[in-house]
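Participant:
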Amino acid sequence: MNVINESGTLALSTRLQRLSEQLRKDGALVYKEFGIDFEPKWFPVVFTLHHKNTLSVVEIANEIGYTHPSTINLLKELEKQQMIISKKDKTDERKRLIELAPKGIELIEKMIPVWEIISKVLGEIADNENHLLKAINEAEEKIAKQSFLQRVLQLKNNQ
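So the sequence shown is residues 1 to 159, counted in full-length UniProt numbering.
Below, the structure is given as structure tokens:
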């Protein structure tokens, strides 16, 4: 065991990032194995548009829980790949509406069976004694009620 693993909750962010990077790296290899040219980082936007059809940039950012600038960067990449199309909202000229392009829709058709396999495998990985997904949900709910920073400041001020 290395020092990061031994440090317990102090290295929680590091360990989650490490796990995330491993899953993302393997995810890219899984898509490649199935002959699909797809970056795992595009998943939240593509999956959301697959389910919600047409959304504004702000709505996408809210759905995926990313910042507005991060969402715009992903949308630029997806537009460059011709996976999404952007059009002006008829009711509000400043607002851009995003939807899947024909290439994106076609790609999703290929990915659905792969997503089923990925979901099954990740279910097996997460289904351990302390169920990973349940623990992540619980942690996210706690942070939504009071952020990490707010909790630290509260402890600092109570000392």
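Ideal Cβ placement from N, Cα and C applies to all residues, glycine included.
1. Return helix, strand or coil for GLU129, following the three-state DSSP convention.
2. Please list, in chain order, all residues of the same chain as LYS103 whose beta carbon is under 7 Å from its beta carbon, the five residues on each side excluded.
3. Using 10 angstroms around the beta-carbon of ALA61, count the other beta-carbons present and answer buried if the total reaches 16, otherwise exposed.
4. With DSSP collapsed to three states, give me the class of SER86.
5. Which residues does DSSP pair with ILE98 in a beta bridge?
6. Relative to the C-alpha of VAL57, which candidate in LYS142, SER86, ASP37, LYS110 has its C-alpha closest?
7. Please classify ILE112 as buried or exposed, where buried requires at least 16 neighbouring CB atoms within 10 angstroms.
8. Judging by CA-CA distance, which residue of THR54, TYR31, LYS80 is the nearest neighbour of LYS110?
9. Give the DSSP-derived three-state secondary structure of ILE117 in the structure shown.
10. Taking the straight line between their C-alpha atoms, what separation do you get for HIS50 and THR14?
11. Assign ASP92 to one of three DSSP states: helix, strand, or coil.
Facilitator: According to the structure shown:
1. coil
2. GLN82, MET83
3. buried
4. strand
5. LEU55, SER86
6. SER86
7. exposed
8. TYR31
9. helix
10. 31 Å
11. coil
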